[in-house]
Amino acid sequence: MIRSVLQSGSRVARGTGFARHLARAFSSAQAEDLVITDRCVAQLKRVATQNECLRLAVEGGGCSGFEYKMSLDSEVKSDDKVFEKDGVKVVVDETSFEFVKGATVDFADELIRSAFRIVKNPIAEKGCSCGTSFAVKMD
């Protein structure tokens with residue numbers, strides 16, 4: 010699947026040419042789910058309406074090669090993976106999910122900003138200081 014994603018020129022794969030390395034990185038990811046923290050649940054309950062969920066996507070870009078995009082969405086598509094905890098939902102399209110398998114969705118409330126974020130992504134090697142961009146491990 011990874012090779013076909015990269016060859017298709019999708020948003021995630023655009024501009025990348027290292028399918029072999031990505032396939033190895035993905036196969037080494039242990040977990041098949043997303044972990045949703047209690048802080049993420051609490052914030053979603055504060056900001057989302059009853060039929061909204063947090064949509065997570067991965068796109069090519071950012072200072073490290075890939076970047077996380079998060080938004081509230083009221084539509085769940087047929088190819089979305091849906092993760093639920095305590096009445097809230099996080100949805101990820103099938104292609105983006107390959108880049109976040111086993112990661113944790115959190116909410117950080119810091120002095121300089123408050124935002125949903127991805128932490129402990131098993132395939133991310135490094136990221137930028139803002140936490141929205143990451144590079145894939147090249148084992």
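For the sequence shown, counting from 1, position 125 maps to 134 in this note's numbering; every step adds exactly one. Glycine is no exception: its CB is placed at the ideal position from the N, C-alpha and C atoms.
Local Cβ density within 10 Å of Asn130, reported as buried at 16 or more and exposed below that = By 1-based counting over the sequence shown, the position of residue 130 is 121. Burial call: buried.
Within 10 angstroms of the Cβ of Glu9, are there 16 or more other Cβ atoms? Answer buried if so, exposed if not.
-> Any property of residue 9 remains undetermined from this structure, which presents the chain solely from 10 to 148.
Taking DSSP as the reference, what is the three-state secondary structure of Ser87?
-> Sequence index remark: in the sequence shown, residue 87 carries index 78 (1-based). Reduced to three states, the DSSP call for Ser87 is coil.
According to DSSP, what are the bridge partners of Ser123?
-> As a first step, residue 123 is located in the sequence shown; it is residue number 114 there, counting from the start. Paired residues: Asp118.
Quickly, what does DSSP pair Val67 with across the bridge? List them, please.
-> Taking the sequence shown and counting its residues from 1, the one referred to as residue 67 is at position 58. Its beta-bridge partners are Tyr77.
Let me know the secondary structure DSSP gives Ala51 once reduced to three states.
-> Position 42 of the sequence shown, counted from the start, is the residue given in the question as residue 51. Note: Ala51 maps to helix in three-state DSSP.
Buried or exposed for Cys62, please, with buried defined as at least 16 other CB atoms from any protein chain shown within 10 angstroms of its CB.
-> Residue mapping note: residue 62 aligns to position 53 of the sequence shown, counting from 1. Cys62 should be labelled buried.
Leaving out the 5 sequence neighbours to the left and right, which residues in its chain are closer than 8 Å to Val56 when beta-carbon positions are compared?
-> If you number the sequence shown from 1, residue 56 lands on position 47. Excluding positions up to five away in sequence, the list reads Leu81.
Extent of the continuous alpha helix (DSSP H) run through Thr104 | As a first step, residue 104 must be located in the sequence shown, where it is residue number 95. Glu103 to Phe106 is the span of the alpha helix (DSSP H), which, as asked, contains Thr104.
For Gln39, which residues of its own chain have a beta-carbon under 7 Å away from its beta-carbon, when the five flanking residues on both sides are left out?
-> Numbered from 1 along the sequence shown, position 30 holds the residue referred to as residue 39. With a pLDDT of 46 at Gln39, under the threshold of 50, the modelled position of this residue cannot be trusted; read the value that follows with caution. Result list for Gln39: Gly111 and Pro131, in chain order.
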